[in-house]
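Everything below concerns the one structure shown next.
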Amino acid sequence: MKVRATAKIKISTEVEIIKTLKVYHKALQFCVDQAWKRKIKNNIKLHPFVYKKLKSKGLQSQLCIACIKQACGIVKRAKTKPIIQRASIRYNFPRSVSMKNNLLSISTIKGRIKIPFSIPDCYRKYLNWNIRESLLRIDKRGRCFFLFTFSKDVNAKSSNFHKGVLGIDIGVNNIAVTSDRQFFGKNIKQLRIKKEKLVSELQAKGTKSAKRKLIRLSGRWKLFMTWTNHNISKKIVSKSKGIIVMEDLTHIRRNAKYIKWVHKWAFRQLQSFIEYKALRKGIRIVYVNPYKTSKECSVCHNELTSRHSGFFQCLVCRHSLNSDLNASYNIAQRYKRTMCLGAVTHPNVSNNEAETSF
650 MKVRATAKIK ISTEVEIIKT LKVYHKALQF CVDQAWKRKI KNNIKLHPFV YKKLKSKGLQ
710 SQLCIACIKQ ACGIVKRAKT KPIIQRASIR YNFPRSVSMK NNLLSISTIK GRIKIPFSIP
770 DCYRKYLNWN IRESLLRIDK RGRCFFLFTF SKDVNAKSSN FHKGVLGIDI GVNNIAVTSD
830 RQFFGKNIKQ LRIKKEKLVS ELQAKGTKSA KRKLIRLSGR WKLFMTWTNH NISKKIVSKS
890 KGIIVMEDLT HIRRNAKYIK WVHKWAFRQL QSFIEYKALR KGIRIVYVNP YKTSKECSVC
950 HNELTSRHSG FFQCLVCRHS LNSDLNASYN IAQRYKRTMC LGAVTHPNVS NNEAETSF
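Using the numbering used here, read the sequence shown as starting at 650 and increasing by one per residue.
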């Protein structure tokens, strides 16, 4: 299986880069317009209609090809005619960009230019990976970044079950709870309640300044969710050695009962972060059906249970513990039963006995 990693490196904003980005932006919009007009979604079919025009604007051959591919990708996803607000140039290693001795050689409309750059220590571990198509972009502040995309083939072994099976329950009260009794994001709920209250107050005002604050708040909250999900996924994967089992939330948005719950946090993003971090370590990821993982008793598997204020109690065997922890046990057991490996053994622990993280 192939895994990817992206390294965002700041480089100096050269005049040639700015000019190339402006030309590429116009070229991309031209390709999108032609593809939309002619109803073409294949880059090979679009090529004869736009290539000569792009070349006449000074774009290097590889940048022309990248522009055509990018335009077709945009048109494929679009439901209405796309308008390109900000373009990123796609570079192909080593045809249109290369690096050597901390020098980045980039194709521009003025030919190749060499830009000095430095790779932070946190990204140096990816230097022995393969470099794929990468992006050059300028942000709103006028800063120039090059996004290296690294790839590597890993072998996620299915035989890692002897190292343990880790079930992960994703929820609102606790962002993530693992079957080894770790709780993550317990305090996030209070922050989310405060944020929702502030959003309601700003929406009630309806002024222009309130709308601007709503936009800023939305951006900060998305960044906070991403940062939190990265930290939670990092801690979960760092302690896992066997197989990680999670609930398949692919079709959960179709269920009206869970629509409000899903929109409270970027749960799918958290799962994707756990997945790619685990694959880098060769840890296999398995998704199971989430049906009744929260209602079923993890000891006797009876559905005659009671849940109140985050606490779970079985009305048959009287087993009691944190409801999210019970669900994580069921998720791990569900995979083990499919593999005919028996049930996951665990002690009868209360909520106070569980280890809380983050």
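Ideal Cβ placement from N, Cα and C applies to all residues, glycine included.
In this text, all values refer to a predicted model and were calculated from it rather than measured experimentally.
Range of the contiguous alpha helix (DSSP H) that encloses glutamate 665 | Element bounds for glutamate 665: 664-687.
Host beta strand (DSSP E) of glutamate 896 (start-end) | The continuous beta strand (DSSP E) containing glutamate 896 extends over residues 892-896.
Under 8 Å Cβ to Cβ from lysine 725, same chain only, skipping five residues before and after it: list those, please.
-> Cβ-Cβ distances below 8 Å link lysine 725 to Lys690 in the same chain, with the five nearest sequence neighbours on each side left out; the list follows chain order.
So isoleucine 738 packs on threonine 669, CB below 8 Å; how close in whole Å?
-> The Cβ separation is near 7 Å, so the contact holds.
According to the neighbour-count rule (16 or more other Cβ atoms, all chains shown, within 10 Å of its Cβ), is alanine 859 buried or exposed?
-> Alanine 859 should be labelled exposed.
First and last residue of the uninterrupted alpha helix (DSSP H) at leucine 840 = Segment 837-854, the alpha helix (DSSP H) holding leucine 840.
Could you have a look at histidine 968 and say whether DSSP puts it in helix, strand or coil?
-> It is coil, neither helix nor strand.
Spatial neighbours of proline 765 in its chain, beta-carbon cut-off 7 Å, leaving aside the 5 residues before and after | Correct list, in chain order: Asn751 and Leu752.
Can you name, in chain order, every residue of its own chain whose Cβ lies under 7 Å from the Cβ of asparagine 878, other than the five neighbours on each side?
-> So the qualifying residues of the chain are Ala915, Gln918, Leu919 and Phe922.
Go through its chain and collect everything with a Cβ distance to methionine 650's Cβ below 8 Å, but skip five positions before and after it.
-> Hits under 8 Å: Asp802, Val803, Asn804, Ala805 and Leu928.
Could you check where the beta strand (DSSP E) with histidine 696 kicks off and where it finishes?
-> Bounds of any beta strand (DSSP E) do not take in histidine 696; it lies within the alpha helix (DSSP H) bounded by 692-705.
Determine which residues share a DSSP beta bridge with histidine 957 and list them.
-> Beta-bridge pairing by DSSP links histidine 957 to Phe960.
C-alpha gap between aspartate 770 and phenylalanine 797, whole angstroms = If you take the alpha carbons of aspartate 770 and phenylalanine 797, they lie about 15 Å apart.
Environment of asparagine 836 [buried if 16+ CB atoms lie within 10 Å] = With fewer than 16 Cβ atoms within 10 Å of its Cβ, asparagine 836 is classed as exposed.
By how many angstroms is the C-alpha of tyrosine 673 removed from the C-alpha of isoleucine 768?
-> Cα to Cα, isoleucine 768 sits roughly 26 Å from tyrosine 673.
Is the number of C-beta pairs between the region 968-976 and the region 814-833 that are closer than 8 Å three or more?
-> Three or more Cβ pairs closer than 8 Å define a contact, and the region 968-976 meets that threshold against the region 814-833.
Report the partner residues of phenylalanine 797 according to the DSSP bridge assignment.
-> For phenylalanine 797, which the question treats as bridged, DSSP gives the partners Ala656.
Reduced DSSP category for leucine 590 - H, G, I as helix; E, B as strand; rest coil | Only positions 650 to 1007 of the chain appear in this structure, which leaves residue 590 out of reach.
Assign glycine 816 to one of three DSSP states: helix, strand, or coil.
-> Of the three classes helix, strand and coil, the one that applies to glycine 816 here is strand, per DSSP.
Would you please state the rounded distance, in angstroms, between the beta carbons of leucine 847 and leucine 866? I believe it to be under 8 Å.
-> Indeed, because the Cβ distance is near 7 Å, the residues count as touching under 8 Å.
DSSP on glutamine 918, reduced to helix/strand/coil?
-> Glutamine 918 sits in a helix when the DSSP states are folded into three classes.
Please name the residue in Lys930, Asn979 and Val948 whose C-alpha comes closest to that of tyrosine 940.
-> Relative to the Cα of tyrosine 940, the nearest Cα in the group Lys930, Asn979 and Val948 belongs to Asn979.
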